[in-house]
Amino acid sequence: MTVEVAGVRYPTPVMTASGCAAAGRELTPFLDLAAIGAVVTKSVMLDARSGRATPRMVETPSGMLNSIGLQGPGIDTFLADDLPWLVKQGAQPVVSIAGGSLGEYAELARRVGMAPGVAAVEVNISCPNVENRGLVFACDPFQAARVISATRRGIPKDIPVLAKLSPDVTDIVTVAEAVMEGGASGLSMVNTTLGLAIDPVTLRPALGGVTGGLSGPAIRPLALRCVWQVYAAMPEVPIIGIGGIRTGFDALEFLAAGASAVQVGTSTFHDPSSPARVADELRSELALRAAVSPREVVGVAHRPAGTSALRAEVSM
Ligand code: DHB
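Each residue of the sequence shown is one higher than the last, beginning at 63 in our numbering.
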């Protein structure tokens, strides 16, 4: 089940998604952090932040809306406490960073780049919960590329920089091309999509932050379409698929569309063992199709029917 993404080896293709379990501590009663693909940490900013007004989460049909506002301990505490803890667990830490300006990303990169044990850096340029929509860098190819190149400069060459893209764009391929041009090593696709829910009693927006990021199975076809389009345009670019993955087959869909690995997020709220369980289920799905490794199925959905060596008939 080992995979390589942008030059880094992971024990399985199934990682946690950023934002659903801080730095992973609360998952330890439910799974072995060293046995899953990687722990992608909640996006950390330069300073500690208390986040947005409550309520911050609301359930929607097959999904979840959240507006946390990048609550977190700030980079100093993260590097002093959380990262060393993750390294001690034997986990592969993928550190997610978020900044409000180019300078902040550059400074975060410089500090993360000096810390030991970082497997990869995921650059959150697509947080939906910022005061100013102009700060969603991933919605502008030029700004997205500038953030990635500012980050890349601070990170040692052997540590990949993954750009986390937003699905809230007209042409995701243009953004993907821009960030690769800016120096990204690969893409995490996709972040949440902007949504809104109304409280039935007050008839006001249900979230304190008014709008929020929609995640969960509701966005899986949207995420899958994004992965498909980018793989079709740039099959050599490493992609990590994210969006409503809940089962091994969901993960397999993303691999077939072109992802080399996947992340599981919202599913951990009702099953905290999800990242381990999805990997187990994916192993069975691959065996059922006589695939010897996850690599064998990456992008198969793009090949003409009947041209892959995978077992053609799968009885469900
Ligand atoms: C937050 C950040 C995200 O990137 C996201 O998709 C959803 C919520 C936040 O901290 O508010």
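Even for Gly, the Cβ is constructed at its ideal location relative to N, Cα and C.
These numbers were taken from a predicted model, which means no experiment stands behind them.
Asked: Alpha carbons only, please: which of Val-231, Arg-208 and Ala-207 is nearest the one belonging to Pro-195?; Found: The residue you asked about is not Pro; residue 195 is Arg in the sequence shown. Taking only the C-alpha atoms, the option nearest Arg-195 is Val-231.
Asked: Is the number of C-beta pairs between the segment 287-303 and the segment 256-276 that are closer than 8 Å three or more?; Found: no
Asked: Could you tell me the distance, in whole angstroms, from the CA atom of Asp-261 to the CA atom of Thr-330?; Found: 25 Å
Asked: According to DSSP, what are the bridge partners of Arg-111?; Found: Gly-134
Asked: By a C-beta neighbour count over all protein chains shown, 10 Å radius and 16 as the cutoff for buried, is Lys-150 buried or exposed?; Found: exposed
Asked: Just reading off the alpha helix (DSSP H) that Pro-155 is part of, what are its end residues?; Found: Per DSSP, Pro-155 belongs to no alpha helix (DSSP H); it is in the beta strand (DSSP E), 155-159.
Asked: Would you say Ala-68 and Leu-224 are within 8 Å of each other, going by their C-beta atoms?; Found: yes
Asked: Could you give the first and the last residue of the continuous beta strand (DSSP E) run that contains Leu-227?; Found: 223-227
Asked: What is the DSSP secondary structure of Gly-152, reduced to helix, strand or coil?; Found: coil
Asked: I think Met-242 touches Val-299, with their Cβ atoms under 8 Å apart; what is that distance to the nearest whole Å?; Found: 6 Å
Asked: For Glu-193, which three-state DSSP category applies?; Found: coil
Asked: Ile-98 by DSSP, collapsed to three states: which one?; Found: coil
Asked: Which word fits Met-77, buried or exposed, when buried means at least 16 other C-beta atoms lie within 10 angstroms of its C-beta?; Found: buried
Asked: Between which residues of its own chain and Gly-113 is the CB-CB distance below 6 Å, once the five residues before and five after are set aside?; Found: Ile-130, Gly-131 and Gln-133
Asked: Apply the 10 Å Cβ neighbour rule to Ala-349 and answer buried if 16 or more other Cβ atoms are within range, or exposed otherwise.; Found: exposed
Asked: Whose C-alpha, out of Ser-247, Ile-210, Gly-275 and Ala-240, is nearest the C-alpha of Gly-256?; Found: Before going on, a small fix: residue 256 reads as Leu here, not Gly. Cα-wise, what sits closest to Leu-256 is Gly-275.
Asked: Taking DSSP as the reference, what is the three-state secondary structure of Val-324?; Found: strand
Asked: Rounded to whole angstroms, what's the CA-CA distance from Arg-71 to Lys-219? Just pull it up for me.; Found: 16 Å
Asked: What I want to know is whether the C-beta of Gly-125 ends up closer than 7 Å to one or more non-hydrogen atoms of ligand 1.; Found: no
Asked: For the candidate residues Gly-361, Pro-135 and Val-180, whose alpha-carbon lies nearest to that of Leu-314?; Found: Gly-361
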